[in-house]
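Input: a single structure, listed below in structure tokens.
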Amino acid sequence: MIKLENITKIYHMGDSDVHALDGVTLHIKPHEFVSIIGPSGSGKSTLMNMIGCLDVPTGGRYWIDGVEGSKMTDNQLADLRNQKIGFIFQQYNLLSKLTAFENVELPLIYRGIPAEERAEMVKKALLRVGLLEKMNHKPTELSGGQQQRVSVARALSANPSLILADEPTGALDSKSGIEIMQMLHDLHEDGNTVVIITHDLNIAKQAERIITIRDGKITSDIDNKADRAGANNIKGSAIGDNENGKTADLEADLKEKEEFIQNLIEDKEVAE
Ligand SMILES: Nc1ncnc2c1ncn2[C@@H]1O[C@H](COP(=O)(O)OP(=O)(O)O)[C@@H](O)[C@H]1O
Ligand SMILES: [Mg+2]
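This is the structure we're talking about:
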């Protein structure tokens, strides 16, 4: 689905260079549910911009569904983004002059979908996030949680194969955050690839794969499938036959992973 090979991104700031990404190699496969966690300034948003073809790297190569990004023109990249990727941002990024309906409709207009079909798709998406009755409301007439639900509807309306969310719950109260996460879980269940960027371990832990990033480098890449299945399943698999013949105590393993990630985050927070 997405393959990055030795990607670098350097921002020139006056006389100094900021190495926002410093040789990132990453393969995200179809139907994966991945979280990318790291402290503030670690390069998460820059990485999201690369995965989402919103920006071009300084160095390295990348492929989207087997097509090499650096060989595409800006227009081709824009089309690809529009067809394959649904974005969710921390600050919703809804257009304030447009209604919920019109916001969700926008990417479908870019895709050249005829009006009637568009209306069907918009309503289906808004129904899915439970906001059909608010379709004529402007963002300012909606709560933060509702605005983020509109942005989820916008992301999913065009049936993208990849949902990319940058701190999707960062601006929300905990109840709205849980609702948004549930929607992302549902989208994954439906067969979408979901990538969540976050600095929150509780969010990251919900994914099947947890990638940590620090100073523009990937510092760990953890399979979280067994852990995510819940404590009962973890115990079950620890007692039962383990595929690899390992008898590792998976619960201890989970705890260790959590501590490992937590340390990564806390270290940095202390340093900042
Ligand atoms: N447009 C930009 N111009 C200059 N520096 C930038 C720009 N965007 C990000 N950076 C720098 O790159 C580093 C990574 O930023 P970012 O990807 O936004 O991190 P995160 O999302 O993890 O907080 C930071 O040091 C940041 O200051
Ligand atoms: Mg960021």
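Residue numbers (the numbering used here): 175 to 446. We treat Cβ as the ideally placed atom computed from N, Cα and C, and that holds for glycine. Keep in mind it's a predicted model, so treat the numbers as computed, not measured.
Sheet register partners of residue i (DSSP bridge)
i, result
"G260", "I337"
"T372", "I211"
"R383", "V208 and D397"
"E179", "R235"
"I202", "I176"
"D191", "H186"
"R402", "Bridge partners of R402: none, in fact."
"K391", "R388"
"E353", "None; E353 has no bridge partner."
"V241", "I238"
CB-CB length for residue i against residue j, believed under 8 Å
i, j, result
"Q322", "Y266", "6 Å"
"G217", "I387", "6 Å"
"G234", "T182", "6 Å"
"L330", "Q320", "Going by Cβ atoms, the distance from L330 to Q320 rounds to 16 Å, so no, they are not a contact pair."
"P204", "M175", "5 Å"
"R328", "P281", "6 Å"
"G318", "A345", "6 Å"
Residues near residue i by beta carbon distance below 6 Å, same chain, minus five either side
i, result
"A339", "I262 and I370"
"N407", "The predicted position of N407 is uncertain, since its pLDDT is 37 and thus under 50; no value can be drawn from it."
"N180", "G197, T199 and G234"
"P342", "I262 and I354"
"T421", "Low local confidence applies: a pLDDT of 34 at T421 is under 50, so the model's placement there is unreliable, with the coordinate-based value given in what follows. Same-chain partners within the cutoff: there are none."
"N416", "With a pLDDT of 38 at N416, under the threshold of 50, the modelled position of that residue is not reliable, and no figure is offered here."
"G414", "At G414, the pLDDT of 32 sits below 50, so the modelled position is not reliable and the matter cannot be decided from this model."
"K409", "Confidence in K409 is poor, its pLDDT being 32 and thus under 50, which makes the residue's placement unreliable; the coordinate value appears in the next sentence. Contacts found: none."
"K442", "Note on K442: pLDDT 48, under 50, position unreliable in the model; no value is reported."
"T232", "T182, K183 and I184"
"M309", "A274, F275 and L300"
"L251", "C227"
Cβ shell of residue i (< 8 Å), same chain only, five flanking positions each side left out
i, result
"E242", "R235 and Y236"
"A445", "Any reading at A445 must be qualified, since the residue scores a pLDDT of 44, below 50, and its modelled position is unreliable; no value is offered."
"D397", "E382 and R383"
"H201", "I176, K177 and L178"
"T314", "S270"
"K258", "I238, D239, P334, S335 and L336"
Heavy atom of ligand 1 within 6 Å of residue i beta-carbon
i, result
"F218", "Per the sequence shown, the amino acid found at residue 218 is Lys instead of Phe. K218 Cβ: within cutoff of ligand 1."
"G215", "yes"
"A252", "no"
"A194", "yes"
"Y284", "no"
"Y266", "no"
"Y185", "yes"
Contact set for residue i: own chain, Cβ-Cβ below 7 Å, skip 5 residues either direction
i, result
"T372", "S209, I211, E341 and A378"
"K349", "none"
"I220", "In the sequence on display, residue 220 carries Thr and not Ile. Here the set comprises K183, A194 and L195."
Of all the alpha helix (DSSP H) runs that stay within the bounds of the region 283-331, which reach a length of 4 or more residues?
-> 289-302 and 318-330
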